[in-house]
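Enquirer:
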Amino acid sequence: MKFTMRWFGRSFDSVTLAQIRQIPGVAGVISTLYDKLPGEIWQPGELRALKEEIESAGLTLEGIESVNIHDAIKAGLPERDRYIENYIRTLEVIGQLGIHVVCYNFMPVFDWTRSDLAKALPDGSTVMSYDQALIDRIDRNELMNHMGEKSNGYLLAGWEPERMAHISELFRLYSSVDEDALFENLCYFLKAIMPTCDRYDIRMAIHPDDPAWPVFGLPRLAGTKAQLLRLMAAVDDVHNGVTLCTGSLGSNPDNDIPDIIRSLAGRIHFAHVRNVHHLGPGRFDEAAHPSSEGSLDMYAIMHALYRTGFDGPVRPDHGRAIWGEVSMPGYGLYDRALGICYLNGLLEAIEKGDR
Ligand code: DNO
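Remember, my numbering sits 257 above the position in the sequence shown when you count from 1.
#1: When you compare the CB positions of V616 and S313, do they come within less than 8 angstroms of one another, or not?
#2: Just curious, the beta strand (DSSP E) that A377 is in, first and last residue?
#3: DSSP has T370 in a bridge; who is on the other side?
#4: Any beta-carbon of chain D closer than 8 angstroms to the one on E550?
#5: Ordered along the chain, which non-local residues of its own chain (more than five positions away) have a Cβ less than 6 angstroms from that of M401?
#6: Go ahead and pull the three-state DSSP assignment for H327.
#7: For A522, which residues of its own chain have a beta-carbon under 6 angstroms away from its beta-carbon, when the five flanking residues on both sides are left out?
#8: Please determine whether the Cβ atom of Y344 lies at a distance below 7 angstroms from any heavy atom of ligand 1.
#9: Count the other CB atoms within 10 Å of the CB of S268; is the residue buried (16 or more) or exposed (fewer)?
#10: Does the beta carbon of H529 fall short of 7 angstroms from some heavy atom of ligand 1?
#11: Go through its chain and collect everything with a Cβ distance to V286's Cβ below 8 angstroms, but skip five positions before and after it.
#12: Here's a check: name, in chain order, each residue in its chain whose Cβ is nearer than 8 angstroms to the Cβ of N509, leaving out the five neighbours to either side.
#13: Taking the alpha carbon of R305 as the reference point, which residue from K448, I356, V495 has its own alpha carbon closest?
#14: Could you check if R394 is buried or exposed, using at least 16 other CB atoms within 10 Å of its CB as the buried criterion?
#15: Run the proximity test for W369: is its beta-carbon closer than 7 angstroms to any non-hydrogen atom belonging to ligand 1?
#16: Quickly, what does DSSP pair L501 with across the bridge? List them, please.
#17: Let me check one thing: in DSSP terms, what residues is I321 bridge-paired to?
#18: Leaving out five residues on either side along the sequence, give the residues of the same chain with a beta carbon under 7 angstroms from the beta carbon of T347.
#19: Name the DSSP beta bridge partners of M262, please?
#20: Our contact map puts I450 next to T500 with C-beta atoms below 8 angstroms; I'd like the distance itself, whole angstroms only.
#21: Between the Cα of N362 and the Cα atoms of D542, G596, R456, L439, which residue gives the shortest distance?
#22: Just reading off the alpha helix (DSSP H) that M451 is part of, what are its end residues?
#23: Is the beta carbon of H464 within less than 7 angstroms of some heavy atom of ligand 1?
#24: Can you give me the start and stop residues for the beta strand (DSSP E) that I463 sits inside?
#25: Am I right that D388 and R577 are in contact with their C-beta atoms under 8 angstroms? What's the rounded C-beta distance?
#26: Apart from the five residues just before and just after D373, which ones in its own chain have a Cβ nearer than 6 angstroms to its Cβ?
#27: Hey, L614 and E426 are a contact pair by Cβ (cut 8 angstroms); roughly how many whole angstroms apart?
#28: What is the DSSP secondary structure of Y588, counted as helix, strand or coil?
#29: For ligand 1, is there any heavy atom lying closer than 7 angstroms to the beta carbon of H327?
#30: Count the other CB atoms within 10 Å of the CB of N601; is the residue buried (16 or more) or exposed (fewer)?
#31: Do you know how far the Cα of V530 is from the Cα of I552?
#32: In terms of residues, what are the limits of the beta strand (DSSP E) holding M364?
#33: Of all the options D458, S505, G352, which has the alpha carbon lying nearest to the alpha carbon of H496?
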């Protein structure tokens, strides 16, 4: 597996490529054209410039997170074919530049959701946190303002202000879309893009729902082993795969992550490896990466990835805010760098123990 860091681009990230280059064991980044709206066609020159900037810093571009999907595709509107066509154009640009992993999600209205982006812990660090009871008290139309309050002024991934300005319309759009309809819309989309993915060997990697249960009554289709296996079987092409996000799947204590990894062997194309601390039903804090700091067994997770022959990019995910760092919530340098060194150490121990 290849250790990477997510990087949002020089205009959006508080972390620099030069800093990432100095993290031991990290040779690549996962990036995107962060200001593209869902549905826009990416231009070759823009992506080439991003790739060259990364390479001239001595790193490689190992994958795209994300190419976001237009709501017309998710909701199955008549104009979806036009947006699928645009998505295919973008995949061609990605494929022609030799990039082989694309992460995306199929969550209606919002990408990931949290009730607090900076919950203070006794040690003075802050973490992102989720409490269903708090979410239930927030007017769904106000969620953007709520999330914005502790965003440190950064643009949050998947919370495009342009889309959120029309949040009531978005909720209306999905009012007649249940889980089965959403699933059909996803399969329709995947079947349409598979020939392009096959041609360029682009491995699509759906990001699990975060949290891994329905929020605001919106349907969810990627939060359990059964849902992910159903999707793999429905479009049975290796290019239809999964981003194994341990924090998102792990938000639900019923999900056995090492078992999910084994069940999806060969279809995991990207891994986000982070820890969560379960606080009770519908409640969790994000945690520092080591097993001792949260509820997940990180050794068992890395062991399952190793044993199933996973050879894609892996990255640490949401870190705590520590040592006074101010960044996009979850995406500071310090705690993610600690996290990836720990994951690398686990892997070394697993590999050597296996000899
Ligand atoms: C949040 C991320 C998500 C993820 C998307 C993938 O920090 O994990 O925004 O990138 O769901 O499309």
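Each residue gets a CB set at the ideal place from its N, CA and C atoms; glycine is no exception. All values reported here derive from a predicted model rather than from experimental measurement.
Expert: To lay it out plainly:
#1: The shown model of the chain, from 258 to 612, leaves out residue 616, and the question about it has no answer.
#2: Counting from one through the sequence shown, the residue named residue 377 turns up at place 120. That run of the beta strand (DSSP E) goes 373-377.
#3: Your numbering for residue 370 matches position 113 in the sequence shown. DSSP, once it has assigned bridges, lists no residue as partnering T370.
#4: In summary, chain D is missing from the structure at hand, where a single protein chain is found.
#5: Walking along the sequence shown from the start, residue 401 turns up at place 144. The answer, listed in chain order, is M421.
#6: Translated into positions along the sequence shown, residue 327 becomes position 70. The answer is coil: DSSP assigns H327 none of H, G, I, E or B.
#7: Locating residue 522 in the sequence shown gives position 265, where the first residue counts as 1. Excluding sequence neighbours, A522 sits near T565.
#8: Counting from 1 along the sequence shown, the entry for residue 344 is found at position 87. Checking the Cβ of Y344 against ligand 1 gives no.
#9: The residue you call residue 268 lines up with position 11 of the sequence shown. Looking at its Cβ environment, which holds fewer than 16 other Cβ atoms inside 10 Å, S268 is exposed.
#10: For the purposes of this step, residue 529 is taken as residue 272 along the sequence shown, with counting starting at 1. Flag set: Cβ of H529 near ligand 1.
#11: By 1-based counting over the sequence shown, the position of residue 286 is 29. Around V286: T261, M262, R263, W264, L274, I277, I311, L316, T317, L318, E319.
#12: Start at 1 with the first residue of the sequence shown, and residue 509 comes out as number 252. These residues qualify, in order along the chain: P468, A469, W470, G480, T481.
#13: As a first step, residue 305 must be located in the sequence shown, where it is residue number 48. Taking only the C-alpha atoms, the option nearest R305 is I356.
#14: Here the question's residue 394 lines up with position 137 in the sequence shown. Counting Cβ neighbours within 10 Å, R394 comes out exposed, since fewer than 16 surround it.
#15: By one-based count along the sequence shown, residue 369 stands at place 112. Yes, Cβ of W369 sits closer than 7 angstroms to a heavy atom of ligand 1.
#16: Along the sequence shown, one-based indexing puts residue 501 at 244. Partner(s): A528.
#17: Mapped onto the sequence shown, residue 321 falls at position 64. For I321, which the question treats as bridged, DSSP gives the partners S288, V359.
#18: The count along the sequence shown starts at 1 and reaches residue 347 at position 90. Only I298, W299, V324 meet the Cβ criterion.
#19: Here residue 262 refers to the residue found at position 5 of the sequence shown. Partner(s): V286.
#20: Start at 1 with the first residue of the sequence shown, and residue 450 comes out as number 193. Start at 1 with the first residue of the sequence shown, and residue 500 comes out as number 243. The pair is not a contact, with the Cβ atoms about 16 angstroms apart (cut-off 8 angstroms).
#21: Here residue 362 refers to the residue found at position 105 when the sequence shown is read from its first residue. Of the candidates D542, G596, R456, L439, the one whose C-alpha sits nearest the C-alpha of N362 is L439.
#22: Your numbering for residue 451 matches position 194 in the sequence shown. Segment 436-457, the alpha helix (DSSP H) holding M451.
#23: Numbered from 1 along the sequence shown, position 207 holds the residue referred to as residue 464. Because some heavy atom of ligand 1 lies under 7 angstroms away, the Cβ of H464 counts as near it: yes.
#24: Taking the sequence shown and counting its residues from 1, one reaches residue 463 at position 206. Here the beta strand (DSSP E) through I463 covers 460-463.
#25: Residue mapping note: residue 388 aligns to position 131 of the sequence shown, counting from 1. Residue mapping note: residue 577 aligns to position 320 of the sequence shown, counting from 1. Contact doesn't hold; Cβ gap of about 17 angstroms is too wide.
#26: Reading the sequence shown from its first residue, position 116 is the one you call residue 373. So the qualifying residues of the chain are S386.
#27: Absent from the model: residue 614. The displayed extent of the chain is 258 to 612, so no value can be given.
#28: Taking the sequence shown and counting its residues from 1, the one referred to as residue 588 is at position 331. Reduced to three states, the DSSP call for Y588 is coil.
#29: Residue mapping note: residue 327 aligns to position 70 of the sequence shown, counting from 1. Incorrect: H327 has no Cβ contact closer than 7 angstroms to ligand 1.
#30: Taking the first residue of the sequence shown as 1, we reach residue 601 at position 344. N601 is buried by the Cβ-count criterion.
#31: The sequence position of residue 552 within the sequence shown is 295, counting from 1. The sequence position of residue 530 within the sequence shown is 273, counting from 1. It is worth fixing the name first, because residue 552 is Ser in this sequence and not Ile. S552 and V530: Cα-Cα distance of roughly 13 angstroms.
#32: Position 107 of the sequence shown, counted from the first residue, corresponds to residue 364. No beta strand (DSSP E) holds M364; DSSP gives it neither H nor E.
#33: One-based indexing of the sequence shown puts residue 496 at position 239. When each option's Cα is compared against that of H496, the closest is D458.
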